[in-house]
Amino acid sequence: EGGDGEDEEEEQQLAQASIVHKLLLYEVIEVMSTEALFAWYGGMGLPSLEGAERATVQKLLRKVLAWENSALADLLQECERNGVPVGESTLEQQEDEQQQALARRLVLHECLEVMTTDALKEWYEGLGLPSGSGNKRPELQKILRKVLYWQVLSPSELREECAKLHIETGGAAMPEEDEEQQQQQEAEDEFEEALVSVLLDEAHGGVP
């Protein structure tokens with residue numbers, strides 16, 4: 002019994018230390034230099050915020066911290082509130098994986114709202130699409146929202162999306178169910194990339 006009590010106390014101490022660390026990070030955002038804020042954000046593997054104001058980066062980083070430490074139920078509510086797609090494949094993952102995926106998705110959708118037009122063009126062109134120099138900000142945001150939506154869909158959902166828009170999927174073939182698990186995952190990833198590419202081409206062509 003003594004051992005169980007010690008383990009429980011240690012867990013409580015670790016939980017308390019974790020909370021203190023998160024509170025500290027939240028406060029540190031206020032006093033960090035602008036250069037340090039951009040460096041911190043830049044290490045997260047998110048779209049560029051180049052040209053954004055200091056307050057914008059601070060606000061986004063606070064949201065990142067909040068979402069990364071939110072319960073799954075809260076993240077699902079936040080996604081619904083903000084119109085952020087979840088996707089059936091996400092709901093089939095382990096709870097911690099769902100939390101990470103939804104938190105990142107919320108951050109990406111927030112990025113779309115606060116990024117400069119030049120940064121949006123850079124993200125757009127990074128997808129291998131023709132130059133977006135002639136596109137206005139709302140058009141870029143609309144296409145990038147579609148990209149974020151398609152990227153969370155399962156292969157079957159992507160195929161349905163293509164069918165709705167009467168888009169031929171060409172050589173993209175659904176992987177066989179009897180493949181080994183790793184090969185199955187790789188094949189599904191390739192299939193998803195192929196369909197997203199087809200949908201992107203169609204979106205750029207002006208499909209509403």
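Quick note: the sequence shown uses my numbering, first residue 2, plus one each step. No residue lacks a Cβ here, since even glycine has one placed at the ideal position from N, Cα and C.
Boundaries of the alpha helix (DSSP H) in which residue i is found, first to last residue
i: ASN70; result: Looking at the DSSP string, ASN70 is not in any alpha helix (DSSP H), and its letter there is neither H nor E.
i: PRO139; result: 138–151
i: GLN100; result: 96–115
i: SER90; result: 89–92
i: ALA53; result: Element bounds for ALA53: n/a, residue is neither H nor E.
i: GLU123; result: 118–126
i: SER157; result: 156–165
i: GLY46; result: Element bounds for GLY46: n/a, residue is neither H nor E.
Neighbour-count burial assignment, residue i, 16 or more Cβ in a 10 Å radius
i: ALA164; result: exposed
i: ASN83; result: exposed
i: ALA53; result: buried
i: GLN14; result: exposed
i: ALA239; result: A query on residue 239 cannot be resolved here, the shown segment of the chain reaching from 2 to 209 and no further.
i: VAL208; result: At VAL208, the pLDDT of 39 sits below 50, so the modelled position is not reliable and the matter cannot be decided from this model.
i: ARG106; result: buried
i: GLU12; result: exposed
i: GLN166; result: Going by the sequence as given, residue 166 is Leu instead of Gln. It is exposed - the Cβ of LEU166 has fewer than 16 other Cβ atoms within 10 Å.
i: GLN17; result: exposed
Residue i versus the options, residue with shortest Cα-Cα distance
i: TRP151; options: GLU114, ASN136, GLU79 and VAL87; result: VAL87
i: LEU26; options: ILE144, GLU169, GLU69 and SER49; result: GLU69
i: CYS80; options: LEU109, GLN17 and ASP97; result: LEU109
i: LEU113; options: PRO48, LYS23, GLU28 and VAL153; result: PRO48
i: ALA102; options: ARG63, ARG146 and LEU73; result: LEU73
i: VAL58; options: ASP97, GLN14 and VAL32; result: VAL32
i: VAL85; options: LEU145, GLU12, THR117 and PRO139; result: LEU145
i: VAL1; options: ARG55, ILE30, GLU11 and GLN99; result: Nothing can be reported for residue 1: it is not among the residues displayed for the chain, which extend from 2 to 209.
i: VAL21; options: GLU7, LEU66 and THR117; result: LEU66
i: PRO139; options: ILE168, GLN17 and THR117; result: THR117
Within 9 Å, strictly: CB atoms of residue i and residue j
i: LEU141; j: LEU121; result: yes
i: VAL153; j: THR91; result: yes
i: LEU24; j: TYR42; result: no
i: GLU89; j: SER155; result: yes
i: GLN100; j: SER71; result: yes
i: ASP97; j: GLU51; result: no
i: LYS64; j: GLU111; result: yes
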